[in-house]
Amino acid sequence: MKVRSSVFASFILICEVIGVALFLRGFFPVPLKSSFSSKISVKTGPKNPPLLPLITGSSPNSSRLPEPLFKRVVIMLVDALRDDFVFGANGRRNMPYTRHLVERGSSHSYVAKARPPTVTMPRIKALTTGSIPGFIDVVMNLNSPALLEDNLVWQAKTAGKRMVFYGDDTWVRLFPKHFMEHDGTTSFFVSDYTEVDNNVTRHLDSTLKRDDWDILILHYLGLDHIGHISGPHSSLIQPKLLEMDDILKKIHSALISKEAEGSLPYLLVLCGDHGMSETGSHGGSSEAEVNTPLVLISPAFKRKVGMEKPGVVEQVDLTPTLALGLGLPISQNSVGRVIPGVIEETSLRDQLRFLHLNGHQLSCLLKDSTPDYEKEAGFEQFRVAERAHGIWMKLFLDGNTSEVLTNMGKKVLKQYLEALAAMSSALSKQLGKYDMYSMVAGTVFVFQLLLVLLLAMPEALSGEASVDLPVLSALLSLPFYLLCLLLASVHVLVCTSAESSCYFCSLSWGLVFAAVAFSSAMFCILVSMPVRRNSPLRSGGGSEWSLSELDVLLLAGTVGHTLSLAASSFVEEEHQTWYFLLNTLCLAVFQDVCRKYFREQRGHGDEEEPILPSKDGHHPKAEVCSEKWLALATPPFTLVCCRLLRSLNQTGVQWAHLPDVGHWLNSSEHRTVLSLLAAFCLVLIYLLVQRRCSCVSKVALALGLLGVYSYRAAVGNVLFPWQHSGRTTSKGTVEARFVYVFILGIFFTGTKDLLRSQIVTADAKLKSRGLWEIYSGLVLLVTLLFRAHNLPVLCCCLLIQTLMAQFIWKKLHYDAAQTTIMHYWFGQAFFYFQGNSNNVATVDISVGFVGLESYVEAPAIFLTALSTYAGPLLWACHLVCFLSSQRGRSPVAVGHGCYCLALLRSVPAAAYIVLVTALRYHLFIWSVFSPKLLYESMHLLLTAGVCLFFNTMEQSQSPSKS
Amino acid sequence: MWDHEIRAMASTHAIIAASVFMATVLPAALVRGFSVYGTHMLWLYSVSGAVTGVSVAVFWLLGITPPTKKHTVGYKLSRLFRSCLYFFLSCLFFHTVVVLYGAPLIESALDTFSLAVLLTSLTTLRCLCVLGPNVQAWIRVFSRHGAMSVWDTCLQITVACTLVGAWVGAFPIPLDWDRPWQVWPISCSLGATIGFLTGLVAAPAWIHYHRKQLTYKCK
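Structure, rendered in structure tokens:
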């Protein structure tokens, strides 16, 4: 089957998008949410735990909430406290007092298992909400660092508990205004491990003396810092642990002295948020990072008589335990189950009630999250236990106190515990785990496609620009059927033996079979392509394959950039990579230009290029000369532009705090400068774009740009010369809609021209004008969406495009592949010039509201994506215009360009998903690598769209040719 | 084919490399508290000075510099003056390029300029020694197939190695390792020096192994 290379490239890209989507679905498990997921709905929802549905009829008395178990709770959270620091062989030396309490005191101790990512922020979320946070949660509430889910702290605040917090300021950011008193310390200076803790401890004495709080939370960071500096076996660890032990002793004795007869007892909790690996870091899922100690100390517990092996619980189990202990409702998304040891001293009736409350909450969550919840074993067990509980209640209230009843109650208790365990594990299976099978399937798809793309390179970039895919022979071959069978059996095997839920397995059979068939066909094609190539094309070896310096740079840059994505710093500072490569590219182009013009001038046809001077011979001498100097000036000018733009927006992480021109322009005292700059840029944009437009769109463009300025004035970014203060800023909806009308008009004329050139007259000129009009419509839209201080970016973009197209790409006879790679590099650099970074926080969401009265999802997402990827899109569109408008170029240039663009985009995307899979337990996976993954996939999607556009352009070209 | 020249080149390069080495070792013995990272500027200037002095002396003694037609003192002075001017201009050029690459414009301008001086003394100075202050000759040598002698090829290799070394030296700057050599411009100047030394070794070796294929047109 012979297909044109643009069709081939677009097809491959679209399939890759599907593969990446499958990968993403496996990498970011969809969060489990109760139907009352946000706090707003919690307020309206049932605040009290629901009454017993079965038993309420029997007696009103039975539905009362049990009394809280504790009056005051002190939570002492020590960052990176590993279980063996307390329970291990050295525990007696490290933390003598704590160890004494564990062995002899009235306490319960457990090993609490944290879930990866073992990083502080997700762990705090897990401890307070009881759910297991995924990365997608972070993306969902982009601009608000505050925790919006139902959580323990919020419940406590609503119940009127007074809370005091000292320690890591992540808490303060997560729970703003929740604490009666707080003092956050930043964990910014990792090398400081004494001050951070002293800042917490200095409040302790006064706070412990007072009586006006109910919950005290302390978060100590020093141990974690020591771990990062020198690891878990350093000599600094023991003094730090002794210090922690002293603090615990201090708190404990203060609590004991405060304790009054008759009132409820206190509870002191010592826990860690995550452990510490043998190298001292954390984030992964090794035993040392996951196991944290959990020590609960309260006079309500039985006194211990010696060291026991601590039981194992989940970290999230603390949440329902604390909630029930304080008499609060359990957070709705909690997947934890109450720790039985804590409630074992209460009456059997209360114990059953506690377990029932926990079970009810879990069953509600299960109902909301799984469609066929009734088949879950835990749910069924819970129903049985609930019924038995009802019968027990009835007998109990009748005054039956026999041995039989106690035994029956114990049986119900056991049933409840089993049901809780089953439900909890069913829930947490869906959470916080990578769905490896889907990820691997997605990766395999993407890599097959990438290899096919790479193998087709010689054909796709040949003069024909068409790829011969042996589809039919692949489909009829025996290996195809064998592979189908093999893959299908692998699929069945994996899905039947998988423990956790898997997206790929839950797809319908038809889809899975299509995927299996597609994958095997791709594999067969993959094998047969090089085999077939080898037989007839032995003669055309790589003898005349000579690379110029520019080619070497372009290849090395592409490969080097792909490799650099493996380092978190290079992902954070990716803009530096692109600026660096772009600068080098400009210098290389400069060298090419110099070589061309100076060699030419030096010896008239002395060595290799005797044709060139005579070719330009018919030009007037002066024109040649001025053209030469303009060509020579273009690369330095581009370099200067790039340097200026680079200082416009500081992005990245390490140097993001440095002052930049953008901030200077945006400050209110420089508004006049900003207005002048914006006006100048708009004029320049008009001058640069209008050259190749028709009269109608020239007028539309001018009016549109005026509209943009008045929109910016209405929003309050820039000043109108004739209107002064006294007008409040509006949303500028009218002005923006005014601009939208012109944008649509320009798009309309452009499409009309294109259609006419295709159907009515085969006029290349009309076609290139139509293309340019579509491009100018896009420019106008981006002008509207860009912030005022970013208009110079657009301006420089257009200027560089014009100059480069005029003097460099045309004159130096770069081929389509080289031009495409340069366009792609420029596009990437401009993506960062406009202030983007690989962090989700830099996406400008306000763009989604331009011209809209309220938030409407589809246009808002479209506009945000457009303005975020404006740089790459504009350069890709310019590439289409440039390649198809060139008269002298071979007609296959567009196909070559499309193919190169597809290749350039899919190589980093494919490499990146493998990298992310390999680094999935990296410390920075959620903060650095996952956002980048989202950016990569979005970019892939957009490139697929651009390639389709290429496709239509080429399609309209071929009929006009024939 | 050019055995004599290759031998001369190898010994010249050995002397220059030794001068770089001495420029690192000697101040360490003489100046208290000298280290390549700590007192980087001092090291940088000592290397540039040593390379400048030794190259000028060696190439003058060797006499590769194209023979001048006139032997008047005035002409020699003007050549000297032009050489100095080119040296300074080249420093400015390198400074501009480095700033365009993203070096801060105002703060640490002195560091940037020192790097430019180092780059100049490693690259431009050699051109001045071998080709003289003659821009046409420079353009010829650095265009494709422009080498007309073994020394031209050698010049191409060393200059390319030095510049690529400095270019590669910028890679580790964004990494968050907090090492002393990641401070601007240490990694770049180290990269340039290492590239230069590599070039010194690579040029005679490459020419030696390709001496059969090397043909120069307008010899």
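Protein chains in written order, with our numbering: chain A, 400 to 1361; chain B, 3 to 221.
Using N, Cα and C, we set each Cβ at its ideal position, and we do this for glycine too.
Item	Value
Spatially closest choice to A:Val419 from A:Leu962, A:Ile1312, A:Lys639, A:His960, by CA coordinates	A:Ile1312
A:Thr593 in three-state terms, based on DSSP	coil
Cross-chain neighbours of B:Tyr103 in chain A, by beta carbon under 7 Å	Phe979, Asn982
Under 9 Å (Cβ pairs) to chain A, residues found in the segment 120 to 147 of chain B	Gln138, Ile141, Arg142, Phe144, Ser145, Arg146, His147
CB contact check: B:Pro187 to chain A, cutoff 8 Å	no
Chain B contact for A:Ala966 (CB, 8 Å cutoff)	yes
DSSP state of A:Met856 mapped onto helix, strand, coil	helix
Residue environment, A:Ser801, which counts as buried when at least 16 other CB atoms sit within 10 Å	exposed
Distance CB(A:Ile646)-CB(A:Leu603) smaller than 8 Å	yes
8 Å Cβ cutoff met for A:Gln1227 and A:Pro1191	no
Range covered by the beta strand (DSSP E) that runs through A:Arg1370	Since the first and last residues shown for chain A are 400 and 1361, residue 1370 of chain A lies out of range.
The segment 184 to 192 of chain B contacting the segment 147 to 158 of chain B, beta-carbon criterion three pairs below 8 Å	no
Cα-Cα separation between A:Val811 and A:Glu686, rounded to whole angstroms	34 Å
Whole-angstrom C-beta distance between A:Glu502 and A:Lys703, which should lie under 8 Å	6 Å
Alpha-carbon spacing of A:Leu1057 relative to A:Lys1151, whole angstroms	48 Å
Extent of the continuous alpha helix (DSSP H) run through A:Cys901	That residue, A:Cys901, is in no alpha helix (DSSP H); it is neither H nor E in DSSP.
B:Ile209 burial status per 10 Å Cβ neighbour count (16 or more: buried)	buried
Residue from B:Ala59, B:Trp179, B:Thr195, B:Gln215 whose Cα sits closest to the Cα of A:Ile628	B:Trp179
Proximity test, Cβ basis, 8 Å: B:Asp178 and chain A	yes
Cα-Cα separation, B:Leu177 to A:Lys524	30 Å
Residue range of the unbroken alpha helix (DSSP H) whose run includes A:Met706	No alpha helix (DSSP H) holds A:Met706; DSSP gives it neither H nor E.
Sub-8 Å separation of A:Val737 and A:Leu751 beta-carbons	no
Uninterrupted alpha helix (DSSP H) stretches inside the segment 631 to 701 of chain A (no shorter than 4 residues)	636 to 657, 686 to 689
Of the residues A:Leu423, A:Ala1292, A:Tyr509, A:Pro869, the one placed nearest A:Met706, counting alpha carbons only	A:Tyr509
Any chain A beta carbon closer than 8 Å to B:His212	no
Where A:Leu615 sits in the DSSP three-state scheme	strand
Close-in-space but distant-in-sequence residues of the same chain around A:Ser1167 (CB under 8 Å, 5 per side omitted)	Arg1091, Cys1280, Ser1283, Ser1284
Residue nearest to B:Gly134 in terms of C-alpha spacing, selected from B:His42, B:Val119, B:Phe89	B:Phe89
Contacting residues, own chain, Cβ-Cβ under 7 Å from A:Thr1050 (five flanking each side not counted)	His974, Tyr1231, Gly1234, Asn1235, Ser1236, Thr1241
Backbone CA spacing between A:Met364 and A:Ser1025 [nearest angstrom]	Residue 364 of chain A lies beyond the stretch modelled for chain A, which goes from 400 to 1361, so this question has no answer here.
Proximal residues of chain A, C-beta to C-beta of B:Ala172 below 8 Å	Phe979
Secondary structure, alpha helix (DSSP H): runs of 4+ residues fully inside the segment 788 to 866 of chain A	802 to 828, 835 to 854, 856 to 859
Same chain, Cβ closer than 6 Å to A:Val473, neighbours up to 5 away in sequence not counted	Leu615, Ile650, Leu667
Rounded straight-line distance, which links the Cα of A:Leu925 to that of A:Ser919	10 Å
Other residues of its chain near B:Gly35: CB distance less than 8 Å, five sequence neighbours each side excluded	Thr41
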